[in-house]
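Residue numbers (UniProt numbering): 5 to 448.
So the structure is just underneath, and the comments pick up after that.
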Ligand code: GDP
Ligand code: MG
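Pasting the structure below:
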């Protein structure tokens, strides 16, 4: 994509300042992107207002289009709103308190509280060498306490012995008692959730909080939470009070707008991410990565800057024309991958490429290297010309043939096709920007 942008935007060099119209046009698209990423409407509105104020009148950088520049400003504002930016530290868990440190897990049912409790326990035991006690206060679902007990065994930590018939408050008191007596470092109190906010839940959780005075009260939120995020966050913040957020299911398709909604509404930092069902699928939160995922536009500006030196100009023109006509196909994708390979430092660049951020998140910390680009190139070269032009016809049997031709698995082929889809969707978005006159004289 960088290739095309480079060619396109080279023609757009102009001086001056970002005009009201430039900014308004670009922000219209940004607003759609934010809402598509499930950022709650009022939160999206606030962010856009902030960006508008900041952007109008900003000096236009040579060789960057106004649209690009606005996107960069939006990106920076997003990172900031998510708690990042210069001087910011990845918050992680704050355990800076006398032992045993109580951690209270709250959130709606199914958000991932119990799983996250197990994940945190595993991390604290293995990485931080802490002695951790897990206790389930969930008396609403019969199997809940057993679920946590199983997770505790998997994580190699102790769980509070189950005593039937106790109330959440009684269980919490017993947990704190045992932790003090047996010198635990951390006690994780896992609470029950409801499908939606209700009074009984809130009073129960608030009472437990008052009794145990947790050092960290973590609101666990599913990344798929859409427009409800603000309501949920406000209720938990007002009625219980939270000082940290854990966003789960970032391994899914969600673009994670809930993170922004939650952070904006509660003011509490996002401390951890859940990226899978397994106990080791716990990640630190990186504002810049989530920002780029929410915006879905990668770090266009810095990519263009870095790409400019190595990109072949004719190639860029050609691809720009194809992009305009909407005929970008897998052959072009392959040549783009080659360009990416030339730039070196692949894993950094991949993260910045629109559409590839999500892919990177999906494969987690697996190393992205030249081998992978080689594999992708091999997959594409195992396709027939017809398949490259029209990837839609690639169904199961063709996938099998391509996979064996390239010496990869069918999953690898699927992944590549998905990536190509993402890229095409991104391009349509850029195209739309162009047609609306944002890239005046370039694409429009
Ligand atoms: P709770 O009701 O809040 O305690 O939620 P649970 O911890 O029981 O999780 C509900 C379901 O979500 C379970 O099937 C978990 O395996 C799953 N889950 C939790 N966290 C994640 C995550 O980060 N990614 C994925 N894919 N699934 C998760
Ligand atoms: Mg639970």
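Think of the CB as a built atom: it goes at the ideal place given N, C-alpha and C, for glycine as much as any other residue.
A Cβ-Cβ distance of about 7 Å is found for the pair residue 301 and residue 37, placing them in contact under the 8 Å criterion. Shown here, residue 163 sits in a strand according to DSSP, grouped into three states.
In this chain, the beta strand (DSSP E) harbouring residue 194 covers 190-194. When DSSP reads this structure, residue 109 sits in a beta bridge with 194, 222. Here residue 86 is not bridged, per DSSP, to any residue. DSSP places residue 140 in the strand class (E or B) of the three-state scheme. Around the beta carbon of residue 130, a 10 Å sphere encloses fewer than 16 other beta carbons of the protein chains shown; the residue is thus reported as exposed.
DSSP, reduced to helix, strand and coil, places residue 281 outside both helices and strands of the structure shown, so it counts as coil.
As computed with DSSP, residue 300 is found in no beta bridge at all. Residue 223 and residue 377 have their C-alpha atoms spaced approximately 39 Å apart. Note on residue 185: under 16 other CB atoms within 10 angstroms of its CB, so exposed under the neighbour-count rule.
At a Cβ-Cβ threshold of 8 Å, residue 179 and residue 156 do not count as neighbours. Residue pairing by DSSP places residue 228 in no beta bridge whatsoever.
Per DSSP, residue 186 lies in no beta strand (DSSP E) and is assigned neither H nor E. When only Cα atoms are considered, residue 207 and residue 243 end up about 8 Å apart. DSSP places residue 248 within a strand segment (E or B) once states are collapsed to three.
Check the Cα spacing between residue 334 and each of 30, 256, 384: the tightest is with 384. Within 10 angstroms of the beta-carbon of residue 257 lie fewer than 16 other beta-carbons, which makes it exposed. Residue 26 is positioned such that its CB atom lies no closer than 8 Å to that of residue 104.
When DSSP reads this structure, residue 179 sits in no beta bridge, so it has no partner. For residue 257, no alpha helix (DSSP H) run applies, since DSSP gives it neither H nor E.
Under the DSSP assignment, residue 286 falls in the beta strand (DSSP E) whose first and last residues are 286-288. Beta-bridge analysis with DSSP links residue 276 to 250, 288. Per DSSP, the unbroken alpha helix (DSSP H) holding residue 390 starts and ends at 389-393. The Cβ atoms of residue 142 and residue 226 do not sit closer than 8 Å to each other. Not a single heavy atom of the ligand MG lies less than 7 Å from the C-beta of residue 258. Boundaries of the alpha helix (DSSP H) harbouring residue 127: 117-130, taken from the DSSP string.
In this structure, the C-beta of residue 281 approaches the ligand GDP to less than 7 Å from one of its heavy atoms. DSSP places residue 403 in the uninterrupted alpha helix (DSSP H) bounded by 400-410. The count of Cβ pairs closer than 8 Å, one atom from the region 228-235 and one from the region 75-87, stays below three, leaving the stretches out of contact.
Contact check for residue 218 against residue 108 passes: the beta carbons are separated by less than 8 Å. Distances between the C-beta of residue 115 and the heavy atoms of the ligand GDP include at least one below 7 Å.
The three-state secondary structure of residue 147, taken from DSSP, is coil.
In the pairwise beta carbon analysis, the region 208-216 is classified as not touching the region 151-166: fewer than three pairs are separated by under 8 Å. Of the candidates 192, 112, 75, 118, 112 places its Cα closest to the Cα of residue 239. Closest in C-alpha terms to residue 409, from the list 133, 388, 229, 72, comes 388.
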